[in-house]
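These protein sequence lines are chains A and B, in that order. Using our numbering, the first residue of the first sequence is number 1, and each one after it goes up by one. Using our numbering, the first residue of the second sequence is number 241, and each one after it goes up by one. Glycine residues also receive a C-beta, built at the ideal position from the N, C-alpha and C atoms. Structure, as structure tokens:
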Amino acid sequence: MLKMTHLSKVYRTEVVETYALRDFNIDVKEGEFVAVTGPSGSGKTTFLTIAGLLETFTGGTYHLDNLDVSNLDDNARSKIRNEKIGFIFQAFNLIPDLNVFDNVEVPLRYRGMKAPERKERIMGALERVGLASRAKHYPAELSGGQQQRVAIARALAGSPRLLLADEPTGNLDTQMARGVMELLEEIHRDGATIVMVTHDPELAARAQRNVHVIDGQVVDLAEDPRFHTAYAAAAGQVRG
Amino acid sequence: MHIQPILVALRRHKAGTVLIALQIALTLAIVCNALFIIHERVAHISEPSGVDEADLFVIANQWGAQYSTQETVERIQQDIATLRQLPSVQEASAANSYPMRGVGWDNFITMQPDQRAPTSDAAYFTGDENFLRTLGVKLIAGRDFRPEEVQNMGLRQNVATPVAIITKAMADKLFPKGEALGKTFYAMTSTPITVIGIVDVLHRGDVSTWSAPYAGESMVVPIRLAVPSGLFYIVRAKSGQLAAAMREAPKALYAENRMRIIDPKDGLLSFAQVRHRAFERDRGMAILMGIICVVLLAITAAGIVGLTSFWVGQRRRQIGVRRALGATHRDILNYFMTENLLISLGGLAIGVLLAFGLNLWLVTRFTLAMLPLTYVLGGVVILLLLGQGAVFAPALRASRVPPIEATRPA
Ligand SMILES: Nc1ncnc2c1ncn2[C@@H]1O[C@H](COP(=O)(O)OP(=O)(O)OP(=O)(O)O)[C@@H](O)[C@H]1O
Ligand SMILES: [Mg+2]
Chain A
1 MLKMTHLSKV
11 YRTEVVETYA
21 LRDFNIDVKE
31 GEFVAVTGPS
41 GSGKTTFLTI
51 AGLLETFTGG
61 TYHLDNLDVS
71 NLDDNARSKI
81 RNEKIGFIFQ
91 AFNLIPDLNV
101 FDNVEVPLRY
111 RGMKAPERKE
121 RIMGALERVG
131 LASRAKHYPA
141 ELSGGQQQRV
151 AIARALAGSP
161 RLLLADEPTG
171 NLDTQMARGV
181 MELLEEIHRD
191 GATIVMVTHD
201 PELAARAQRN
211 VHVIDGQVVD
221 LAEDPRFHTA
231 YAAAAGQVRG
Chain B
241 MHIQPILVAL
251 RRHKAGTVLI
261 ALQIALTLAI
271 VCNALFIIHE
281 RVAHISEPSG
291 VDEADLFVIA
301 NQWGAQYSTQ
311 ETVERIQQDI
321 ATLRQLPSVQ
331 EASAANSYPM
341 RGVGWDNFIT
351 MQPDQRAPTS
361 DAAYFTGDEN
371 FLRTLGVKLI
381 AGRDFRPEEV
391 QNMGLRQNVA
401 TPVAIITKAM
411 ADKLFPKGEA
421 LGKTFYAMTS
431 TPITVIGIVD
441 VLHRGDVSTW
451 SAPYAGESMV
461 VPIRLAVPSG
471 LFYIVRAKSG
481 QLAAAMREAP
491 KALYAENRMR
501 IIDPKDGLLS
511 FAQVRHRAFE
521 RDRGMAILMG
531 IICVVLLAIT
541 AAGIVGLTSF
551 WVGQRRRQIG
561 VRRALGATHR
571 DILNYFMTEN
581 LLISLGGLAI
591 GVLLAFGLNL
601 WLVTRFTLAM
611 LPLTYVLGGV
621 VILLLLGQGA
631 VFAPALRASR
641 VPPIEATRPA
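Take a look at the structure:
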């Protein structure tokens with residue numbers, strides 16, 4: 001589904017070159033739920049934005065759904081983002097000028113979908129996240145957890161193959177975070193591929209697979225004793 | 241395009257939207273009225289004089305001594321003879337005024353001697369048998385004056401002539417059923433005046449708006465005016481010799497008799513200068529209106545650029561989010577173009593009403609004509625194009641906001 005090999009990303013400023021990612025290798029299979037963890041500044045967000053075609057990369061290869069995406073033009077990238085990828089951001093990123101219904105509608109309109117189908121999908125997605133009754137509310141009138149659920153509905157409405165979430169619970173309290181996590185698990189059970197960046201070991205432990213990033217590279221968690229204990233503890237907590 | 245969500249979003253930005261819409265409305269109202277005024281003034285400026293303007297010039301002669309009427313008549317005839325003898329001069333004639341002089345004589349015209357409300361207020365020219373020929377005015381019916389018909393008229397004298405030549409416009413006003421030749425009318429005296437000739441066009445001496453209802457209504461009576469000042473020599477130079485004639489004529493006149501004043505600035509004017517001076521105010525008004533249009537349009541364009549730039553800056557993140565959700569460059573560009581189109585249409589709807597309102601006020605307050613619909617439609621098109629043009633640069637900038645903007649910390 002998502003395969004990066006020897007991928008690198010360099011940010012150049014006048015004075016320095018920062019390798020946000022270097023020799024980055026990952027292979028996410030169709031239907032997998034992968035949690036990406038790692039220290040701050042390690043390159044998790046960079047990985048996710050490249051995976052989501054929000055940004056280009058400097059070297060290596062990236063195949064999304066068996067398609068080499070390195071040489072696509074901007075319109076083609078927009079189309080893939082619209083049809084194949086659902087984004088969930090830490091800051092929710094709802095459009096404040098639009099109500100819940102219209103927010104969920106945004107990607108569907110860019111797809112050129114007809115109004116009746118849009119409506120059906122929007123209401124379906126909102127029901128799924130339990131916010132059908134709030135369709136006419138504006139983002140400012142909702143709690144953080146509710147806003148993130150709307151954002152998830154917006155990501156789901158277009159039935160994307162791949163869901164990318166960057167610390168989706170980072171701005172939520174534990175209670176709300178749990179609700180969002182349960183929702184993601186449910187979506188995963190229905191067949192979506194999910195890649196989620198998180199700082200929360202408890203949430204990470206609930207994913208099928210954990211990928212750890214340090215200094216722009218994927219490291220094998222099992223071989224790194226420093227994180228092994230934390231991982232085991234978190235995993236144990238969840239199982240217990 | 242997706243109009244509904246744009247309208248919905250605009251409701252959350254009422255202040256800016258209303259401000260720009262009103263600015264567009266006011267601009268439309270003022271610009272289409274200003275354009276109409278420009279049109280009216282330009283039409284006025286380009287009115288036909290009826291005279292053959294090339295090679296024509298006028299001399300304002302003032303006598304510097306006291307002469308009797310008979311002496312004045314003789315001196316004037318001597319002057320005309322002197323002018324005619326110049327090799328560069330074709331023809332010359334003396335008159336009380338000439339078309340487009342800026343001011344002129346006029347006379348109330350009635351169809352009956354005891355009629356209360358006059359039928360016309362016609363421009364009144366005094367001239368001899370050479371007057372029309374010198375001006376190059378086209379006689380379309382009847383005949384010109386005969387030398388024996390021409391009477392002398394001195395200072396403070398009143399001469400009632402039994403015949404006159406009138407313009408077609410005046411003939412149509414006085415005798416709407418047609419055939420004015422041979423018919424009579426009255427000009428403030430009990431003497432009936434018979435129409436002996438009709439000329440196509442002979443513009444009034446004045447060019448002011450008060451005479452607009454009597455536009456083109458002029459009459460010529462066979463009178464040789466003998467006054468110390470306020471007398472004009474109308475001179476036609478030979479083809480292409482205007483400059484030479486204008487140089488030689490005053491010299492010849494002074495050589496013949498020094499007791500006269502020909503003002504070096506205003507006393508000698510080519511007809512081109514006459515026309516230029518006559519419509520100075522109209523030209524000034526047209527230019528002023530033009531400047532007002534340009535300034536207003538520039539301010540409105542700047543307002544649109546400013547507001548859109550502000551909105552683009554304010555919405556960078558949501559533009560990034562839209563891009564992340566699949567919007568193409570073109571989608572974002574269209575969004576802002578459509579947004580402007582909707583605001584403009586709203587403003588223009590109000591502006592059309594304002595335009596007619598402003599026109600109504602101008603019509604009652606000043607003597608402006610009713611604003612034709614074409615001017616309003618023209619204004620609407622201009623402002624729509626202006627809006628789309630003004631919004632294009634900021635909209636293009638918006639379309640270049642990268643999708644990564646969605647992930648930047650707020
Ligand atoms: N636009 C940019 N220009 C320059 N450097 C950048 C840019 N974006 C990220 N970086 C650098 O790339 C590296 C990786 O950043 P990234 O945001 O991917 O880290 P992260 O793992 O998501 O961190 P966090 O857990 O704090 O969100 C950091 O060193 C960061 O400073
Ligand atoms: Mg990050």
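Beta-carbon spacing of residue i, residue j below 9 Å
{"i": "Gly619/B", "j": "Val271/B", "result": "yes"}
{"i": "Leu162/A", "j": "Val213/A", "result": "no"}
{"i": "Val447/B", "j": "Asp346/B", "result": "no"}
{"i": "Asn82/A", "j": "Tyr110/A", "result": "yes"}
{"i": "Leu617/B", "j": "Ala269/B", "result": "no"}
{"i": "Phe33/A", "j": "Glu182/A", "result": "no"}
{"i": "Asp166/A", "j": "Gly43/A", "result": "no"}
{"i": "Ala334/B", "j": "Leu508/B", "result": "no"}
{"i": "Glu331/B", "j": "Thr374/B", "result": "yes"}
{"i": "Ile644/B", "j": "Thr49/A", "result": "yes"}
{"i": "Thr193/A", "j": "Glu30/A", "result": "yes"}
{"i": "Ile501/B", "j": "Thr267/B", "result": "no"}
{"i": "Ile95/A", "j": "Leu164/A", "result": "no"}
{"i": "Leu611/B", "j": "Ala595/B", "result": "yes"}
{"i": "Phe576/B", "j": "Trp601/B", "result": "no"}
{"i": "Pro462/B", "j": "Glu389/B", "result": "yes"}
{"i": "Gln148/A", "j": "Arg134/A", "result": "no"}
{"i": "Arg118/A", "j": "Leu131/A", "result": "no"}
{"i": "Val36/A", "j": "Val197/A", "result": "yes"}
{"i": "His242/B", "j": "Asp97/A", "result": "no"}
{"i": "Arg562/B", "j": "Val15/A", "result": "no"}
{"i": "Pro413/B", "j": "Thr350/B", "result": "A small correction: the amino acid at residue 413/B is Lys; Pro does not occupy that position in the sequence shown. In this structure, Thr350/B does not lie closer than 9 Å to Lys413/B by Cβ."}
{"i": "Asn336/B", "j": "Tyr364/B", "result": "yes"}
{"i": "Ala477/B", "j": "Ser328/B", "result": "yes"}
Contact test: residue i Cβ vs ligand 1 heavy atom, cutoff 8 Å
{"i": "Glu645/B", "result": "no"}
{"i": "Thr283/A", "result": "No answer is possible for residue 283/A: the residues shown for chain A start at 1 and end at 240."}
{"i": "Tyr241/A", "result": "In the structure as shown, chain A starts at 1 and stops at 240, and residue 241/A therefore has no counterpart that could be examined."}
{"i": "Pro39/A", "result": "yes"}
{"i": "Ala51/A", "result": "no"}
{"i": "Thr56/A", "result": "no"}
{"i": "Ser42/A", "result": "yes"}
{"i": "Ala638/B", "result": "no"}
{"i": "Thr18/A", "result": "yes"}
{"i": "Gly560/B", "result": "no"}
{"i": "His188/A", "result": "no"}
heavy atom of ligand 2 below 8 Å from residue i C-beta
{"i": "Val195/A", "result": "no"}
{"i": "Asp166/A", "result": "yes"}
Sequence-distant residues of its chain with Cβ nearer than 6 Å to residue i (five each side left out)
{"i": "Thr169/A", "result": "Ala177 and Val180"}
{"i": "Ala153/A", "result": "Val104, Ala125, Leu126 and Val129"}
{"i": "Val641/B", "result": "Arg556, Ile559 and Gly560"}
{"i": "Arg239/A", "result": "In this prediction, Arg239/A scores a pLDDT of 46, lower than 50, which makes its location untrustworthy; no coordinate-derived value is stated."}
{"i": "His63/A", "result": "Lys3"}
{"i": "Ile583/B", "result": "Thr257, Ile260 and Ala261"}
{"i": "Leu203/A", "result": "Met181"}
{"i": "Ile316/B", "result": "Ala334"}
Contact set for residue i: own chain, Cβ-Cβ below 7 Å, skip 5 residues either direction
{"i": "Ile544/B", "result": "Ile260, Asn580, Gly627, Ala630 and Val631"}
{"i": "Ala249/B", "result": "none"}
Cross-chain neighbours of residue i in chain E, by beta carbon under 8 Å
{"i": "Val248/B", "result": "No chain E appears in this structure, whose protein chains are A and B."}
Residues of its chain near residue i, where Cβ-Cβ distance is below 8 Å and the 5 sequence neighbours each way are ignored
{"i": "Leu275/B", "result": "Met529, Cys533, Tyr615, Gly618 and Gly619"}
{"i": "Glu280/B", "result": "Leu608 and Ala609"}
{"i": "Thr407/B", "result": "Gly290, Ile438, Val439, Asp440, Val441, Leu442, Gly456, Glu457, Ser458 and Met459"}
{"i": "Pro160/A", "result": "Glu83, Lys84, Ile85, Gly86 and Ala192"}
{"i": "Asn398/B", "result": "Thr429"}
{"i": "Leu588/B", "result": "Ile264, Ala265, Leu268, Val620, Leu623 and Leu624"}
{"i": "Leu395/B", "result": "Thr309, Ala466, Val467 and Pro468"}
{"i": "Arg209/A", "result": "Glu32, Phe33, Val34 and Ala35"}
Jot down the residue ranges of each uninterrupted alpha helix (DSSP H) in the region 515-597 of chain B, minimum 4 residues, whole runs only, in chain order.
-> 520-554 and 556-564
Could you tell me which uninterrupted alpha helix (DSSP H) segments, each at least 4 residues in length, are contained entirely in the region 44-115 of chain A, listed from first to last along the chain?
-> 44-51, 74-84 and 100-110
In chain order, which beta strand (DSSP E) runs of at least 3 residues are fully inside the region 7-31 of chain A?
-> 17-28
Runs of alpha helix (DSSP H) lying entirely within the region 397-426 of chain B, each at least 4 residues, in chain order = 408-414
Complete beta strand (DSSP E) runs within the region 157-223 of chain A (minimum length 3 residues, chain order) = 162-166, 193-197, 209-214 and 217-219
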